[in-house]
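Chemist: Those letters in the sequence shown? Residues -23 to -1, 1 to 170, per mature numbering (1 follows the signal peptide of the UniProt record, and there is no 0), in order.
All residues carry an ideal CB built from backbone N, CA and C; glycine is no exception.
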Amino acid sequence: MRVGTVTGLSLLLAVVGAPCASAVDWKKPASPQRGLLSEFRFGFSAHDPWGAESRGNSANLTGEILFAKPFTASDLFTSYFIPRPHVGGSLNFDGQTSFAYAGLSWTVDITPSLFVEGSIGGAFHDGDTKTSAMSRNLESLGCSPLFRESGSVGVRLSANWSVMATLEHLTNAGACSENRGLTNVGARVGYTF
């Protein structure tokens, strides 16, 4: 899947979502349930568009499950400091680096419909770790596991549905001899339980 296709799918997602967003009342996320799961997300991302693995204009299918906050705060401001645990994965369509990850996510409401999110955690990947990997147009990631950070800007279409743009980066932070890193950018749809 090419980056152009991912961009097209992202725009389609935004165009289809916009009329739905205007047709519903802007609401806060669905009220927290006492269940284990909080939200499921899926989408596509351009695979390392600025790195060595970008030469094939490859794309990833992404999926993520966010769990409920371990406890709730009495006020909205304090609740922003309580993270939601998450697990997820990114499957590359062209045999380049795929990975599974886990970590913590913090979501902050800017308006009732607009939110930002930051995540930190770790990831295990199937990519190359040696310097010779560069000769095959793959990133030399140095080791596995890696640190994973991500940031998202999203819009709530209803109490349950949202769309978001996400930037994620994987790195060993200098813990191994090679540290090329891997950066993906994409769009996701979320469903809050």
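#1: Grab me the residues of N69's own chain with a C-beta within less than 8 Å of its C-beta, minus the 5 sequence neighbours each way, in chain order.
#2: Figure out for me which residue from I42, P26, W27 and S127 has the closest Cα to the Cα of R18.
#3: Output the distance between the C-alpha atoms of T49 and G151, rounded to the nearest integer angstrom.
#4: Does DSSP put T55 in a helix, a strand or coil?
#5: V162 to G99, Cα distance in whole Å?
#6: Quick check on this structure: which residue in T88, P62, L147 and Q73 has the alpha carbon closest to the alpha carbon of P122?
#7: DSSP has A77 in a bridge; who is on the other side?
#8: Mind checking whether R157 and S127 have CB atoms under 8 Å apart?
#9: Exposed or buried, L13, counting other C-beta atoms within 10 Å across all chains shown (16 or more means buried)?
#10: Determine the burial state of R165: buried for a count of at least 16 other Cβ atoms within 10 Å of its Cβ, exposed for fewer.
#11: Please check if any C-beta of chain B sits within less than 8 Å of the C-beta of A45.
#12: With C-beta atoms as the reference, is V132 less than 8 Å away from S82?
#13: With DSSP as the reference, identify every bridge partner of I42, one or two as the case may be.
#14: Give every residue of the same chain whose Cβ lies closer than 8 Å to the Cβ of L144, excluding the five residues on either side of it in the sequence, and list them in chain order.
#15: To which residues does DSSP link G95 through a beta bridge?
#16: Apart from the five residues just before and just after G167, which ones in its own chain have a Cβ nearer than 6 Å to its Cβ?
Modeler: The relevant details are as follows:
#1: Here the set comprises H24, S35, A36, N37 and S75.
#2: Of the candidates I42, P26, W27 and S127, the one whose C-alpha sits nearest the C-alpha of R18 is I42.
#3: C-alpha separation (whole angstroms): 36 Å.
#4: Three-state DSSP puts T55 in a helix.
#5: Roughly 18 Å separates the two Cα atoms.
#6: For the residues T88, P62, L147 and Q73, the minimum Cα distance to P122 belongs to L147.
#7: G66 and F101, per the DSSP bridge assignment.
#8: No. Outside cutoff.
#9: Per the 10 Å Cβ criterion, exposed.
#10: R165 counts as buried, since at least 16 other C-beta atoms from the protein chains shown sit within 10 angstroms of its C-beta.
#11: Chain labels in this structure do not include chain B; a single protein chain is all it has.
#12: The Cβ-Cβ distance between V132 and S82 does not fall below 8 Å.
#13: Residue pairing by DSSP puts I42 in a beta bridge opposite F17 and V64.
#14: Shown here for L144: same chain residues with a beta carbon closer than 8 Å to its own, the five before and five after excluded, namely S127, G128, S129, T160, N161 and V162 in chain order.
#15: For G95, which the question treats as bridged, DSSP gives the partners W83 and G128.
#16: Here G167 has E16, R18 and S139 as same chain residues with Cβ atoms under 6 Å from its own Cβ, once five neighbours each way along the sequence are excluded.
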